[in-house]
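Numbering (the numbering used here), first residue to last: 276 to 693.
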């Protein structure tokens with residue numbers, strides 16, 4: 276079998292480290308792996324992929340012919356092909372190519388982002404948004420009924436139900452994010468060092484409001500400094516909205532802002548080493564799992580809000596990586612409780628964090644489950660009319676975004692570090 280990841284290697288974040296983990300496992304188990312990507316500017320990940328023997332095809336964002344040519348190469352070498360997409364848009368591209376050129380390959384959506392199905396939300400007029408939601412409501416359900424959708428957690432399922440007005444008819448299988456889980460023989464030293472630390476840490480892309488918890492976390496830190504004057508905070512971040520975050524920090528009192536460090540882009544190994552030094556980690560998505568694997572207490576933050584709200588400790592809610600604001604409470608109390616823990620309670624919570632990942636996200640269990648997921652039919656589920664409409668959207672977007680500079684792009688991030 277050949278597994279194709281259809282995404283990008285041009286930015287930075289959890290989806291890239293996720294792909295790298297999955298590719299390592301697949302190559303170790305003798306699967307052929309290709310990546311079809313918009314861009315390959317993230318040289319750190321690209322070089323790691325090439326060392327594994329992963330084939331990389333740069334196909335751009337709007338050219339279906341390039342996607343067709345890349346798929347032709349793969350199918351010519353192996354008739355058993357499974358395409359894994361992390362966005363609805365990329366899945367639609369593959370479905371269109373299947374209809375237009377007669378491909379019959381497995382085409383799956385791995386829903387790792389709660390908003391990937393929110394089609395039409397950014398359109399300028401209400402009648403256009405209403406039309407888009409109506410049209411895509413049918414397509415998403417058709418994909419679901421063909422077993423083409425896998426979700427990383429129940430929160431994502433609820434988000435799609437709420438957006439399109441589905442009930443229990445939308446119920447895709449849940450497949451937790453695959454993590455390489457290894458016990459550390461020095462874990463007791465890491466835990467003791469964490470207990471003695473006075474550092475709160477978070478690491479995420481500055482992308483508001485989706486990851487707007489960063490703004491609320493700054494407010495929490497200012498409050499905590501009143502009762503914990505020795506406290507410090509490390510924010511590892513880059514991206515479009517980083518200036519907004521820095522402006523907020525700049526407006527704080529001097530005795531508070533001097534203890535907040537904003538660190539730009541770091542490599543994945545460097546990020547792990549930084550995590551080992553903190554007392555408590557705050558975040559959402561895959562960094563939660565990375566931190567928990569370093570025996571850290573993790574506070575899970577809500578998405579799509581500039582406030583800092585939480586569903587509590589990851590160890591107590593191990594299947595929620597991106598909690599919904601409406602189901603959360605202010606996160607300040609959880610941070611404060613960590614700072615007040617005695618060593619025995621702190622140590623117990625650290626071990627619970629690690630075990631929550633080890634028992635529920637182990638890559639040796641998750642990857643076979645993903646490979647076993649199959650569409651009922653490998654034929655395209657889109658009508659010709661839907662294919663034509665999607666191609667028109669691609670044509671329009673090619674011109675709409677032709678001059679857009681994405682500060683989440685890897686080259687922009689590296690430049691901003693200098």
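Yeah, the Cβ is synthetic: ideal placement off N, Cα and C, and Gly gets one too.
In this text, all values refer to a predicted model and were calculated from it rather than measured experimentally.
Sequence-distant residues of its chain with Cβ nearer than 8 Å to residue i (five each side left out)
i: residue 291; result: 284, 317 and 320
i: residue 451; result: 427, 428, 594, 635, 636 and 641
Distance CB(residue i)-CB(residue j) smaller than 8 Å
i: residue 412; j: residue 655; result: no
i: residue 475; j: residue 554; result: yes
i: residue 369; j: residue 356; result: no
i: residue 590; j: residue 624; result: yes
i: residue 597; j: residue 399; result: no
i: residue 622; j: residue 466; result: yes
i: residue 350; j: residue 392; result: no
i: residue 508; j: residue 607; result: no
i: residue 296; j: residue 544; result: no
i: residue 614; j: residue 495; result: no
i: residue 403; j: residue 444; result: no
Rounded C-alpha distance that separates residue i from residue j
i: residue 298; j: residue 327; result: 8 Å
i: residue 578; j: residue 512; result: 16 Å
i: residue 437; j: residue 414; result: 16 Å
i: residue 464; j: residue 674; result: 55 Å
i: residue 631; j: residue 659; result: 46 Å
i: residue 573; j: residue 566; result: 7 Å
i: residue 395; j: residue 670; result: 16 Å
i: residue 337; j: residue 331; result: 17 Å
i: residue 546; j: residue 406; result: 43 Å
i: residue 520; j: residue 481; result: 8 Å
i: residue 277; j: residue 447; result: 23 Å
i: residue 561; j: residue 309; result: 22 Å
i: residue 502; j: residue 601; result: 28 Å
i: residue 435; j: residue 665; result: 20 Å
i: residue 525; j: residue 563; result: 27 Å
i: residue 354; j: residue 348; result: 11 Å
i: residue 516; j: residue 538; result: 14 Å
i: residue 530; j: residue 506; result: 11 Å
Beta-carbon proximity list for residue i, same chain, < 7 Å, skipping 5 on both sides
i: residue 376; result: 343
i: residue 305; result: none
Identity of the residues DSSP links to residue i by a beta bridge
i: residue 605; result: 584
i: residue 507; result: 474
i: residue 384; result: 360 and 424
i: residue 483; result: Its beta-bridge partners do not exist; DSSP assigns none.
i: residue 576; result: 585
i: residue 330; result: 309
i: residue 491; result: None; residue 491 has no bridge partner.
Cβ neighbours of residue i in the same chain (closer than 6 Å, five flanking residues each side left out)
i: residue 341; result: 334 and 335
i: residue 432; result: 426
i: residue 582; result: 491
i: residue 280; result: 294, 310 and 359
Item to check | Inter-stretch contact at 8 Å, needing at least 3 Cβ pairs: the stretch 636-654 / the stretch 375-393 | outcome: Touching, per the Cβ criterion.
Next on the checklist: Under 8 Å: do the stretch 582-597 and the stretch 524-540 share three or more Cβ pairs, one atom per stretch?
Outcome noted: A contact between stretches requires three or more CB pairs, one per stretch, nearer than 8 Å, and the stretch 582-597 fails this requirement with the stretch 524-540.
Checklist entry - Should the stretch 483-493 be regarded as contacting the stretch 456-473, the criterion being three or more beta carbon pairs within less than 8 Å? => result Touching, no, given that fewer than three Cβ pairs across the two stretches are closer than 8 Å.
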